[in-house]
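Engineer:
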Amino acid sequence: MKTFLAAALTLSFAGVANSQAAAPTAAAVLDANHAAVGDLPAAGAAEFDYSHTGSGLTGPAVTRFDLATGAYVESQDADGVHNSDGYDGCVPWQQDISLAYTPQQGGDRVPMAVDLAYRNANLWWRPDRGGAEVAYVGREIEGGRALDHLSVAPRGGKRFDAWFDAETHRLARIAYDTQFLHMKETYSDYRREGGLNLPHKIASDPGMGAEGVETSVLDKVSFGPARPLSAYAMPTAPPTGAVIAGGAASTTVPFRLLNNHIYVQATVDGKGPYTFIVDTGGHTLLSPQLVQQVGLKSVGEGVSSGAGEGHSSLGFVRYGEIAIGGVRLKDQMGFATGIYDPSIEGIAVDGMVGFELIRRMVTTVDYGKQTITFTDPAKFRPSPALGVAVPFVFYDHLPFVAGSVAGLPTHFDIDTGSRSQIDFTSPFVKAHDLKARFSKGASAVVGWGVGGPSRSYVVRLTSLTLGGVPVEGVAAGLVEDKGGSMTDPNYDGNVGSGLLKRFVVTFDYAHQVMYLKRITPTPPDVGTFDRSGLWINAKDGGYAVTDVAKDSAGAEAGVAVGDVITAIDGQPAVADQLADARRKLRSEPVGTKVALTVRRGGESRAVTLTLRDQI
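Here it is in structure tokens:
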């Protein structure tokens, strides 16, 4: 999920020059732009102050950067919501809206920081173009205006595209891919500041509709002496805002594992209990109903995206305390948004805790005992008893772990909020032709996230490695989504609780280590995949069938999308038993006959489903 005002501000200078003929080369385009703008100080620091509008909020945004290298720090504030990010030339970092800092070295975080620093320092003006590969793509006409199009690939960065007005030589637009988004930043309202012509309006569009567009209006520019690059490094202060009652070293709470999701009971500002999901792939989320019941106030209105191809809206909300057993999250900003439609989980889900809590507490998930232990990081002591230590880096808020599959090196996100065992991203599937490598499989809906249903071609892997830890007999989804987080080419797969439940898993975010301790004997319902071919949600007075896999047991039995299952083996199909029904359909032995009562239109009929492997 994208955090508050997450689009990076691009701070390239551009200026006005006399009209001249179309530039035939990249060098000519950039030299003309440089000549039009004039020379900047060879060394020193710049500060740009903006009024920033995004996610329904308006407030100040400040960017400070080094003129020689482009190293930077950005910060944004609005209605009590604050975040920041930076890059010292070595390690990018970010501060989320809960005010926790993390280094960002996974996915595309390093190359994206390199690109922004490159543009900040206008390294493309140098005779060697700052070591970048720069090519002239051609002249394009947009809205009656001629634009010279360049492609730019900085050393250590990733390609972005830039369009310059062929008459004024001002930078008009850049475009680049980041995570699963295609960003466009446009520059307008050029005015002179200290002898330089600068864009006073920057619009950032991540391609999620008008509500996702953010604008920055330049208020002030100043230049000063150079600062050491350490001034742009991540602050080292540990995050505050989480305690364990009574000063204890740790606290343990039970959880329910439903649909491979971890559910705990929580109170918010003393009210509750409420049902919360624990999700390393998520943030602190509060449902609109909870926000209203507790009397909290939501501000702003943003847009987010996750697994699946759709988007959802969110606001920002400050709470006093979220209590889960003896652990307390205090006085932080979270997101107000719908969590799960009850039809998807079979139960009402009131909230979510994720990165903000796990960043502050060493978190041990014992899938065998179904308990979570939160430990004060200052009192945590690593030991061999925790299992195999798997190092990770952060990709946004997620642990990013090296691994392998079928002899291919991979990088995985670790996401306890995913019900799947592992899902491989659609770019990774395509790049390595995984469908051809694993020909026996089934195309089916395998999950339902923020973006709606997620579809995969599911196959059986003999093994994979997770940070060197071998895992056998894994049901893997080869994702078929055309949009959403599973189309991100910067990671290869998403590991969910369906796989992690083989282990006791300990997350030490402060030291960027995950510990895996294998549970013995292996728990039941591990490595299984649905044997019915049906995706069911709890609605319409039973379990509504929303997908039927081709050539599956369900298809053979004549079950169709739109049917409603009202009973299974004579037991009523009730919402709070949805997880049990799904478990039955994936874990009962091959050949098991399941008696269904199916309603279609106004008529009900008996259907016998004979379970069989799809993969």
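Here the sequence shown is numbered in the working numbering, starting from 27 and rising by one per residue.
Cβ atoms here follow ideal geometry from the backbone N, Cα and C, with glycine treated the same way.
#1: Return the first residue and the last residue of the beta strand (DSSP E) that Glu-219 is part of.
#2: Would you report the Cα separation of Tyr-258 and Asp-566, rounded to the nearest angstrom?
#3: Extract the residue ranges of the beta strand (DSSP E) inside the stretch 236-318, only unbroken runs of 3 or more that lie entirely within it.
#4: How would you call Glu-100, buried or exposed, if buried means at least 16 neighbouring beta carbons within 10 angstroms?
#5: In the DSSP assignment, find the beta strand (DSSP E) that holds Lys-227 and state where it starts and stops.
#6: If you compare alpha carbons, which of Arg-612, Val-107, Leu-56 and Tyr-144 is closest to Gly-156?
#7: Give the DSSP-derived three-state secondary structure of Val-455 in the structure shown.
#8: Could you check whether Ala-601 and Ala-593 sit closer than 9 Å to each other, using their CB atoms as the reference points?
#9: Taking the C-alpha atoms as reference points, what is the distance between Ile-288 and Ala-126?
#10: Would you list the one or two residues that DSSP bridges to Ala-71?
#11: Would DSSP call Asp-111 helix, strand or coil?
#12: Roughly how many whole angstroms lie between the Cα atoms of Gly-183 and Gln-121?
#13: For Gln-597, decide whether its Cβ has a neighbour in chain E, counting only Cβ atoms nearer than 9 Å.
#14: When burial is assigned at 16 or more other CB atoms within 10 Å of the CB, is Glu-240 buried or exposed?
#15: For Ala-49 and Ile-228, what's the separation of their Cα atoms in angstroms?
#16: Grab the span of the beta strand (DSSP E) containing Ala-579 for me, first residue to last.
#17: Taking Leu-604 as part of the beta strand (DSSP E), name the residues at either end of that continuous run.
#18: DSSP on Thr-513, reduced to helix/strand/coil?
#19: By DSSP's criteria, Ala-593 is part of a beta bridge. Which residues make up the other side?
#20: State the DSSP-derived secondary structure class of Lys-395, mapped to helix, strand or coil.
#21: Contact between the stretch 520-527 and the stretch 444-452: three or more CB pairs below 8 Å?
#22: Could you pull the start and end residues of the alpha helix (DSSP H) that Pro-137 belongs to?
#23: Are the Cβ atoms of Met-387 and Thr-310 separated by less than 9 Å?
#24: Measuring only the C-alpha atoms, how far is Ser-444 from Leu-283?
#25: Can you check whether the CB of Phe-529 is closer than 9 Å to the CB of Gln-396?
#26: For Ala-586, which three-state DSSP category applies?
#27: Using the three-state DSSP reduction, which class does Pro-425 fall into: helix, strand or coil?
#28: Quick one: which unbroken alpha helix (DSSP H) runs of 4-plus residues sit fully inside the stretch 458-527? Chain order, please.
#29: Considering only residues of the stretch 362-388, which uninterrupted alpha helix (DSSP H) runs meet the minimum length of 4 residues and lie entirely inside it, listed in chain order?
#30: Could you spell out the range, first to last residue, of the alpha helix (DSSP H) harbouring Ala-53?
#31: Please work out which residues of its chain come closer than 8 Å, Cβ to Cβ, to Pro-453, disregarding the five sequence neighbours upstream and downstream, and give them in chain order.
#32: What's the C-alpha gap between Leu-322 and Thr-293?
#33: Just to confirm before moving on: does the CB-CB distance between Ser-369 and Ala-575 stay below 9 Å?
#34: Enumerate in chain order the residues of its own chain whose CB-to-CB distance from Val-500 is below 8 Å, with the five nearest sequence positions on each side excluded.
#35: Mind the definition here: the stretch 216-232 touches the stretch 163-179 only if three or more C-beta pairs lie below 8 Å; say whether that holds.
#36: Bridge partners for Glu-327 per DSSP, in chain order?
Structural biologist: According to the data block:
#1: In the sequence shown, counting from the first residue as 1, residue 219 sits at position 193. Per DSSP, Glu-219 belongs to the beta strand (DSSP E) from 207-219.
#2: Looking up residue 258 in the sequence shown gives position 232. Looking up residue 566 in the sequence shown gives position 540. Just so you know, the alpha carbons of Tyr-258 and Asp-566 end up roughly 55 Å apart.
#3: Within the stretch 236-318, the complete beta strand (DSSP E) segments of 3 residues or longer fall at 240-250, 268-270, 276-280, 282-284, 287-294 and 297-304, listed in chain order.
#4: As a working note, residue 100 is residue 74 in the sequence shown. Answer is buried; the Cβ neighbour count reaches 16.
#5: Start at 1 with the first residue of the sequence shown, and residue 227 comes out as number 201. Per DSSP, Lys-227 belongs to the beta strand (DSSP E) from 222-231.
#6: Taking the sequence shown and counting its residues from 1, the one referred to as residue 156 is at position 130. Closest option to Gly-156, Cα to Cα, is Tyr-144.
#7: Translated into the one-based positions of the sequence shown, residue 455 becomes position 429. Here Val-455 sits in helix by DSSP.
#8: Start at 1 with the first residue of the sequence shown, and residue 593 comes out as number 567. Start at 1 with the first residue of the sequence shown, and residue 601 comes out as number 575. Their beta carbons are not under 9 Å apart, which means Ala-593 does not touch Ala-601 by this criterion.
#9: Within the sequence shown, the letter at position 262 stands for residue 288. Within the sequence shown, the letter at position 100 stands for residue 126. Roughly 23 Å separates the two Cα atoms.
#10: As a first step, residue 71 is located in the sequence shown; it is residue number 45 there, counting from the start. BP columns for Ala-71 point to Asp-92 and Gly-250.
#11: Here residue 111 is taken as the residue at index 85 of the sequence shown, counted from 1. Of the three classes helix, strand and coil, the one that applies to Asp-111 here is strand, per DSSP.
#12: Sequence index remark: in the sequence shown, residue 183 carries index 157 (1-based). Sequence index remark: in the sequence shown, residue 121 carries index 95 (1-based). Between the alpha carbons of Gly-183 and Gln-121 lies a gap of roughly 22 Å.
#13: The chain labelled as chain E is not found in the depicted structure, where only one protein chain is given.
#14: Taking the sequence shown and counting its residues from 1, the one referred to as residue 240 is at position 214. Looking at its Cβ environment, which holds 16 or more other Cβ atoms inside 10 Å, Glu-240 is buried.
#15: Within the sequence shown, numbered from 1, the residue matching residue 49 stands at position 23. Within the sequence shown, numbered from 1, the residue matching residue 228 stands at position 202. Its pLDDT being 46, under 50, Ala-49 is placed unreliably in this model, and the value from its coordinates should be taken loosely. Distance between the alpha carbons of Ala-49 and Ile-228 is about 25 Å.
#16: Mapped onto the sequence shown, residue 579 falls at position 553. Careful: Ala-579 lies outside any beta strand (DSSP E), inside the alpha helix (DSSP H) at 579-582.
#17: Taking the first residue of the sequence shown as 1, we reach residue 604 at position 578. Note, Leu-604: premise wrong, no beta strand (DSSP E); alpha helix (DSSP H) at 604-613.
#18: Here residue 513 corresponds to residue number 487 of the sequence shown, with the count starting at 1. In the structure shown, Thr-513 sits in a helix (DSSP, three-state: H, G or I).
#19: Mapped onto the sequence shown, residue 593 falls at position 567. In the DSSP assignment, Ala-593 is bridged to Pro-598 and Thr-623.
#20: The count along the sequence shown starts at 1 and reaches residue 395 at position 369. Correct three-state label for Lys-395: coil.
#21: With the cut-off at 8 Å, the stretch 520-527 and the stretch 444-452 touch.
#22: Here residue 137 is taken as the residue at index 111 of the sequence shown, counted from 1. Its alpha helix (DSSP H) spans residues 135-146.
#23: Numbered from 1 along the sequence shown, position 361 holds the residue referred to as residue 387. Numbered from 1 along the sequence shown, position 284 holds the residue referred to as residue 310. No, the pair does not count as a contact, with Cβ atoms beyond the cut-off.
#24: Here residue 444 corresponds to residue number 418 of the sequence shown, with the count starting at 1. Here residue 283 corresponds to residue number 257 of the sequence shown, with the count starting at 1. Computed Cα separation, rounded: 12 Å.
#25: Your numbering for residue 396 matches position 370 in the sequence shown. Your numbering for residue 529 matches position 503 in the sequence shown. Contact flag unset, no.
#26: Along the sequence shown, one-based indexing puts residue 586 at 560. Reduced to three states, the DSSP call for Ala-586 is coil.
#27: In the sequence shown, residue 425 corresponds to position 399, counting from 1. In the structure shown, Pro-425 sits in a strand (DSSP, three-state: E or B).
#28: Fully enclosed alpha helix (DSSP H) runs of 4 or longer: 460-463 and 523-526.
#29: Listed in chain order, they are 368-371 and 381-384.
#30: Within the sequence shown, numbered from 1, the residue matching residue 53 stands at position 27. Bounds of the alpha helix (DSSP H) holding Ala-53 are 52-63.
#31: By 1-based counting over the sequence shown, the position of residue 453 is 427. For Pro-453, where only same-chain residues beyond five positions count, the Cβ hits under 8 Å are Thr-513, Asp-514 and Pro-515.
#32: Position 296 of the sequence shown holds residue 322. Position 267 of the sequence shown holds residue 293. The straight-line gap from Cα to Cα measures roughly 14 Å.
#33: Taking the sequence shown and counting its residues from 1, the one referred to as residue 369 is at position 343. Taking the sequence shown and counting its residues from 1, the one referred to as residue 575 is at position 549. No, the pair does not count as a contact, with Cβ atoms beyond the cut-off.
#34: Counting from one through the sequence shown, the residue named residue 500 turns up at place 474. If we look at Val-500 and ignore the five residues flanking it on each side, its Cβ neighbours are Gln-447, Ile-448, Arg-486, Leu-487, Ser-489, Leu-490, Leu-525 and Gly-553.
#35: Touching, no.
#36: As a working mapping, residue 327 is identified with position 301 in the sequence shown. DSSP lists no partner for Glu-327.
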